[in-house]
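The block underneath contains the structure these notes are about, expressed in structure tokens.
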Amino acid sequence: MQQITMGQAIQQALSEEMRRDPGIFIAGEGVGKSIHESPVMPTYGLLKEFGPGRVKDTPVSEAAIAGLAVGASVMGLRPVVEIMFNPFFTIASDQIVNHAAKLRYLSGGKSTFPLVVRIKTGAGIGAGCQHSHNLEAWVAHCPGLKVVMPGTPADAKGLLKSAIRDDNPVIFIEDMMLNFVPGQVPEEDYTIPIGVADIKKPGKDVTVVTWSKMLGVALKAAAQLSKEGIEIEIVDLRTLVPLDKETILQSVRKTGRLVVLHEATRTGGFGGEIAALVAEEAFGTLKAPIKRVAAPDIPVPFSPPLEQFYIPNEEQLIQAVKSIIG
Amino acid sequence: MNNQKKFELYKNMLLTRRFEEKLTELCKIEGKIPGMMILCTGQEAVAAGVCGALEIDDVIITNHRSHGHLIAKGANLKELMAEIYGKRTGCNKGKSGTLHLAVPEVNALCTTTVVGGGIPIAVGTAFAQQYKKQNQITVCFLGNGSTDEGSFHEALNMAALWNLPLITIIENNVYAGAQRTEEITRVKDLADRAVSYGIPGEIVDGNDAIAVYEATVNARARCLAGEGPILLECKTYRWRGHGEADHQVYQPKDEIAAWMSRCPIKKLQEELLQEQLLSEQDILNIEAEIVKEVESAVQFAEESPWPAPQEALEDVFV
Ligand SMILES: Cc1ncc(C[n+]2csc(CCOP(=O)(O)OP(=O)(O)O)c2C)c(N)n1
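Residue numbers (our numbering), protein chains in the order written: chain A, 1 to 326; chain B, 1001 to 1318.
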């Protein structure tokens, strides 16, 4: 095992996969020559190792970057393209939403689009709402896209490898703050299947379903609740699409209670989907109403006290958990 | 061009320079200024020259490198500084920070950090000016990198088609992120892009405030005469990195030095001295006045209160 950050884990996944398969190339703004010449950056060192033929620094052109991935993938290459910040996905979205997601279907299943779009996301960087906006529910709402949002370095590495080897378009969303959080990552080649959730902490009292950076918040809350004799079970989705319904339902059947925790804003967030799933398929086992802990319905503000207010925290999760334990 | 104007351009550039030097200093203090800090140091002549040619009612739409534009347009320095600090007294109550500063009071209606995101909005403001038969124009400030976005092409084509009163300023500062212009486009002069929209494209020395001013005066007159948009490519250079956290490893040291020796402020200062419009003593006086102005903006920001967390919920809807 090695102790590395998510950025480094992603770097390892990229370089190991590129060594394995010459059909893989990466493209994006500054994926080669970067203003951040730092080993914690996910594409650090790749230009040096693989050269400008496979590490393509692009103009500031998100629509073209996304289209590049669509066209190159249907030709049998395996593009891994980067959209610098989640809000700029809106510019790439025509190619991804209207094309990548739909073209396999439109070809009657004849064409495949083995592409990965890596997107940085998350509040907490003090850059305001045009750099920080969690839009996973948008992509999850488009049939034809797989959506992955890892919460640990080890998951990121194994899931990115699976995403690259997958024959479908995969949207791989990385929380920026996690780039600085170290974790244990296996040295050997391994993959983690897309569509399988992970129980990061077992518990009997309340199921907490979460993903990405909010996993850390859930773990902190769990430690505090434990001291008071409350054991939450943390289900880390890791993948939103396809959704591991069974793991969620099994956990809720055991605990009888559900809180969904995500950083994205509340209304229309993916938490609503989880709540609906449980209401439809495990209603009888519920001992209390389902709760959601999410950001308020506002753009991410800049000022530190405002930004902190925006980001869901342990205290809110603890309150939500306690509110449904009689 | 009258002497008063030259004087004004000089003071504006100096104010921007000292304001940003202060920010560079503040960024070194851990925890003082949150988030990214993107400066226009070295590019002041474009901001001062363009905005010096505008009336207060003219609209500007600007980008992530906006301090110079906003100062030259007449934004309140204290409120700018307080916003950069994230304080409640900031021009945007701490919602925007340095990257999205909006100062509607001086018709700086939008600072966008979405590269290329400003120009379609500028089409809208210019359309409104034409529609309402206002005797005003819109200026959109863009970096060289933004001309690679689809939005740039769509917007300019529509502006040209409808003869909108829009001046597009491309501040070609040689870089977009770590990429040099020649690494991301085969067009040598970005002014040439104008050809494909059927509008004029001019190259301007972006380190010469007077040249920028005069080009803008002419462009503005053209817009007001109903002759449609124009594109001005101002060739300049960014002295600092993409942000203050960027150590500029990709920028050759001698290239930076060569451009620094062509400092736009020094250039105008020498001209003013030569023409005896300014004495050495005047320079000292102006300098002292400006340093005081910047210091009091910092003091204002330092002493201002933080917004209360709950204020995050305000200002979403009217
Ligand atoms: C749509 C979009 N893509 C990417 C970015 C990230 N980014 C911020 S500034 C920048 C470079 C912009 O270069 P340029 O337009 O030349 O302006 P400059 O920074 O040189 O003034 C990039 C890629 C962004 N802010 N918006």
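Glycine included, C-beta positions come from ideal geometry on N, C-alpha and C.
Subject >> CA-to-CA distance, residue 1232(B) to residue 135(A), given in whole angstroms >> reply: The residue you call residue 135(A) lines up with position 135 of the first sequence. The residue you call residue 1232(B) lines up with position 232 of the second sequence. So the two alpha carbons sit approximately 36 Å from each other.
Original post:
Out of curiosity, what's the CA-to-CA distance linking residue 304(A) and residue 1099(B)?
Top reply: As a first step, residue 304(A) must be located in the first sequence, where it is residue number 304. As a first step, residue 1099(B) must be located in the second sequence, where it is residue number 99. For residue 304(A) and residue 1099(B), the distance between alpha carbons rounds to 14 Å.
**OP:** Consider the Cβ of residue 1005(B): report whether some Cβ of chain A lies at a distance smaller than 9 Å.
**Re:** Here residue 1005(B) is taken as the residue at index 5 of the second sequence, counted from 1. Cβ-Cβ to chain A under 9 Å: no for residue 1005(B).
Subject >> Chain-ordered neighbours of residue 306(A) on chain B, where CB pairs are closer than 8 Å >> reply: Locating residue 306(A) in the first sequence gives position 306, where the first residue counts as 1. Per Cβ cutoff of 8 Å: 1086, 1094, 1095, 1307, 1309, 1311, 1312.
**OP:** Report the option in 167(A), 77(A), 243(A), 311(A) whose CA atom is closest to the CA atom of residue 177(A).
**Re:** Here residue 177(A) is taken as the residue at index 177 of the first sequence, counted from 1. Of 167(A), 77(A), 243(A), 311(A), the residue nearest in Cα terms is 311(A).
Original post:
So which of 306(A), 291(A), 292(A) has the shortest CA-CA distance to residue 298(A)?
Top reply: Residue mapping note: residue 298(A) aligns to position 298 of the first sequence, counting from 1. Of the candidates 306(A), 291(A), 292(A), the one whose C-alpha sits nearest the C-alpha of residue 298(A) is 306(A).
Original post:
Taking a cut of 8 Å between CB atoms, which residues from the region 45-62 of chain A lie near chain B?
Top reply: 57, 58, 59, 60, 61, 62
Subject >> Rounded separation between residue 112(A) and residue 168(A) - CA only >> reply: Indexing the first sequence from 1 puts residue 112(A) at position 112. Indexing the first sequence from 1 puts residue 168(A) at position 168. Each residue's alpha carbon lies about 7 Å from the other.
Subject >> Backbone secondary structure at residue 1055(B) - three-state DSSP >> reply: The count along the second sequence starts at 1 and reaches residue 1055(B) at position 55. In this structure, residue 1055(B) counts as coil in the three-state DSSP scheme.
Subject >> Own chain, CB closer than 6 Å to residue 1009(B), minus 5 neighbours either side, in chain order >> reply: Counting from one through the second sequence, the residue named residue 1009(B) turns up at place 9. Hits under 6 Å: 1048, 1052, 1209.
Subject >> chain B contact residues for residue 87(A), given Cβ-Cβ distances below 8 Å >> reply: Residue 87(A) sits at position 87 when you count from the first residue of the first sequence. 1114, listed in chain order.
Subject >> Exposure label - residue 260(A); buried when at least 16 CB within 10 Å >> reply: Start at 1 with the first residue of the first sequence, and residue 260(A) comes out as number 260. So residue 260(A) counts as buried.
**OP:** Quickly, what does DSSP pair residue 1133(B) with across the bridge? List them, please.
**Re:** Start at 1 with the first residue of the second sequence, and residue 1133(B) comes out as number 133. The partner list for residue 1133(B) (beta bridge, DSSP) is empty, contrary to what the question assumes.
Original post:
Can a CB atom of chain A be found closer than 9 Å to the CB of residue 1041(B)?
Top reply: Looking up residue 1041(B) in the second sequence gives position 41. So, not an interface residue.
**OP:** Measure the beta-carbon distance from residue 40(A) to residue 7(A) and round it to whole angstroms, keeping in mind my assumption that it falls under 8 Å.
**Re:** Your numbering for residue 40(A) matches position 40 in the first sequence. Your numbering for residue 7(A) matches position 7 in the first sequence. Between residue 7(A) and residue 40(A) the Cβ distance is about 5 Å, and since that is below 8 Å, they are a contact.
**OP:** Could you check the C-alpha separation between residue 1031(B) and residue 1064(B) for me, to the nearest Å?
**Re:** Residue mapping note: residue 1031(B) aligns to position 31 of the second sequence, counting from 1. Residue mapping note: residue 1064(B) aligns to position 64 of the second sequence, counting from 1. Each residue's alpha carbon lies about 21 Å from the other.
**OP:** Verify the contact flag: residue 1171(B), CB atom, against every heavy atom of ligand 1, threshold strictly below 8 Å.
**Re:** Position 171 of the second sequence, counted from the start, is the residue given in the question as residue 1171(B). Answer for residue 1171(B): yes, Cβ within range of ligand 1.
Original post:
Measuring from the CB of residue 66(A), is there a heavy atom of ligand 1 at a distance below 8 Å?
Top reply: Numbered from its first residue, the first sequence carries residue 66(A) at position 66. Result no, Cβ not under 8 Å from ligand 1.
Original post:
Hey, how far is the Cα of residue 1215(B) from the Cα of residue 1317(B)?
Top reply: Here the question's residue 1215(B) lines up with position 215 in the second sequence. Here the question's residue 1317(B) lines up with position 317 in the second sequence. For residue 1215(B) and residue 1317(B), the distance between alpha carbons rounds to 40 Å.
Subject >> Supposed close pair residue 207(A), residue 258(A) - CB separation, criterion 8 Å >> reply: Numbered from 1 along the first sequence, position 207 holds the residue referred to as residue 207(A). Numbered from 1 along the first sequence, position 258 holds the residue referred to as residue 258(A). About 5 Å separates the two Cβ atoms, so the contact holds.
Subject >> Paired residues, beta bridge with residue 1172(B) - DSSP >> reply: Residue 1172(B) sits at position 172 when you count from the first residue of the second sequence. Bridge partners of residue 1172(B): 1235(B).
Original post:
For the region 62-86 of chain A, which segments carrying the beta strand (DSSP E) assignment without a break, of at least 3 residues, lie completely within its bounds, in sequence order?
Top reply: 78-83
Original post:
With DSSP run on the structure shown, which of helix, strand or coil describes residue 1077(B)?
Top reply: Locating residue 1077(B) in the second sequence gives position 77, where the first residue counts as 1. Here residue 1077(B) sits in helix by DSSP.
Subject >> Contacting positions in the region 1027-1041 of chain B - beta carbon closer than 8 Å to chain A >> reply: 1034, 1035, 1036
**OP:** Sort 1186(B), 1221(B), 1230(B), 1279(B) by Cα distance to residue 1202(B) and report the nearest one.
**Re:** Taking the first residue of the second sequence as position 1, residue 1202(B) is located at position 202. Of the candidates 1186(B), 1221(B), 1230(B), 1279(B), the one whose C-alpha sits nearest the C-alpha of residue 1202(B) is 1230(B).
Original post:
What do you get for residue 1186(B), buried or exposed, if any count of 16 or more other CB atoms within 10 angstroms of its CB means buried?
Top reply: Indexing the second sequence from 1 puts residue 1186(B) at position 186. So residue 1186(B) ends up on the exposed side.
Subject >> Assigned secondary structure, residue 201(A) (DSSP; H/G/I helix, E/B strand, else coil) >> reply: The residue you call residue 201(A) lines up with position 201 of the first sequence. Correct three-state label for residue 201(A): strand.
Original post:
Using a threshold of 8 Å, is the CB atom of residue 1113(B) nearer than that to any non-hydrogen atom of ligand 2?
Top reply: With respect to ligand 2, the structure offers nothing, as its ligand set consists of ligand 1.
**OP:** On a CA-only basis, which of 105(A), 127(A), 36(A) is nearest residue 144(A)? Give me that one, please.
**Re:** Start at 1 with the first residue of the first sequence, and residue 144(A) comes out as number 144. Nearest C-alpha to residue 144(A): 105(A).
**OP:** Can you check the region 256-283 of chain A for any beta strand (DSSP E) of at least 3 residues that lies completely inside it and give the ranges in chain order?
**Re:** 258-265
**OP:** Report the neighbours of residue 287(A) on chain B: residues whose CB is nearer than 8 Å to its CB, in chain order.
**Re:** If you number the first sequence from 1, residue 287(A) lands on position 287. Those within 8 Å of residue 287(A) in chain B number zero; the least Cβ separation is about 32 Å.
Original post:
Mind pulling the chain A residues with CB within less than 8 Å of residue 1185(B)?
Top reply: Numbered from its first residue, the second sequence carries residue 1185(B) at position 185. Those within 8 Å of residue 1185(B) in chain A are 59.
Subject >> Three-way DSSP call (helix, strand, coil) for residue 1029(B) in this model >> reply: Your numbering for residue 1029(B) matches position 29 in the second sequence. Residue 1029(B): coil per DSSP, three-state reduction.
Subject >> Burial state of residue 325(A), where buried means 16 or more other Cβ atoms lie within 10 Å >> reply: For this step, residue 325(A) is matched to residue 325 along the first sequence. The residue is exposed, with fewer than 16 neighbouring Cβ atoms inside 10 Å.
**OP:** Going by CA-CA distance only, name the one from 1290(B), 1025(B), 1175(B) that's closest to residue 1238(B).
**Re:** Against the second sequence, residue 1238(B) aligns to sequence position 238. Ranking the options by Cα distance to residue 1238(B), first place goes to 1175(B).
**OP:** Could you list which residues in chain A have their beta carbon closer than 7 Å to that of residue 1146(B), in chain order?
**Re:** The residue given as residue 1146(B) occupies position 146 in the second sequence. Those within 7 Å of residue 1146(B) in chain A are 60.
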